[in-house]
Amino acid sequence: MIFMRQKGRYYEQVALEYLISLGFEFIEQNFHSRYGEIDLIMKKDSILHFIEVKSSHCINPLVNITPKKLERLTKTIHVFLDQRQIVSHFCIDAVSIYKDNITFIENITFGL
Numbered sequence: 015m016i017f018m019r020q021k022g023r024y025y026e027q028v029a030l031e032y033l034i035s036l037g038f039e040f041i042e043q044n045f046h047s048r049y050g051e052i053d054l055i056m057k058k059d060s061i062l063h064f065i066e067v068k069s070s071h072c073i074n075p076l077v078n079i080t081p082k083k084l085e086r087l088t089k090t091i092h093v094f095l096d097q098r099q100i101v102s103h104f105c106i107d108a109v110s111i112y113k114d115n116i117t118f119i120e121n122i123t124f125g126l
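And the structure:
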């Protein structure tokens, strides 16, 4: 379990550096609530981006972002916004690290 956590933190750092190179501003990492965790919170063009980081070397990591995961993530986002008394536009994004490729997918809930 410790190895998986270290691996997750490593890929979150890779994603963080990648997003900063795209012009995102770092806000917070690993925000926890009773519903779950937000891997990265970033800001760009006055919009908060709540980012789920997924990695894999054998399957597309995005298959692990299920509707149930998105529901828990949305609840955690509302806890974050309420605790900090923030009113802002936001979206839920993903960074997929698959083999050696990094892909940023903006607004993964579009159409849900």
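Per the working numbering, the sequence shown starts with residue 15, numbered consecutively.
Where a beta carbon is used, it is the ideal one built from N, C-alpha and C, also for glycine.
Note that the structure is predicted; figures quoted are calculated from it, not measured.
With the cut-off set at 8 Å, would you say residue i and residue j are in Cβ contact?
i           : j           : result
residue 62  : residue 104 : yes
residue 116 : residue 49  : no
Hey, how far is the Cα of residue i from the Cα of residue j?
i           : j           : result
residue 34  : residue 88  : 23 Å
residue 126 : residue 21  : Unreliable placement is indicated for residue 126, whose pLDDT of 47 sits below 50; the coordinate value is still reported in the next sentence. Distance between the alpha carbons of residue 126 and residue 21 is about 30 Å.
residue 108 : residue 24  : 16 Å
residue 68  : residue 99  : 29 Å
residue 111 : residue 30  : 12 Å
residue 150 : residue 39  : Within the shown structure, residues of the chain are numbered from 15 to 126, placing residue 150 beyond reach of any answer.
residue 26  : residue 60  : 22 Å
residue 92  : residue 113 : 33 Å
residue 84  : residue 47  : 14 Å
For the alpha helix (DSSP H) that contains residue i, what are its first and last residues?
i          : result
residue 96 : 81-97
Give the DSSP-derived three-state secondary structure of residue i in the structure shown.
i           : result
residue 31  : helix
residue 57  : strand
residue 21  : helix
residue 26  : helix
residue 121 : coil
So residue i is in the beta strand (DSSP E); what residue range does that whole segment cover?
i          : result
residue 46 : 39-47
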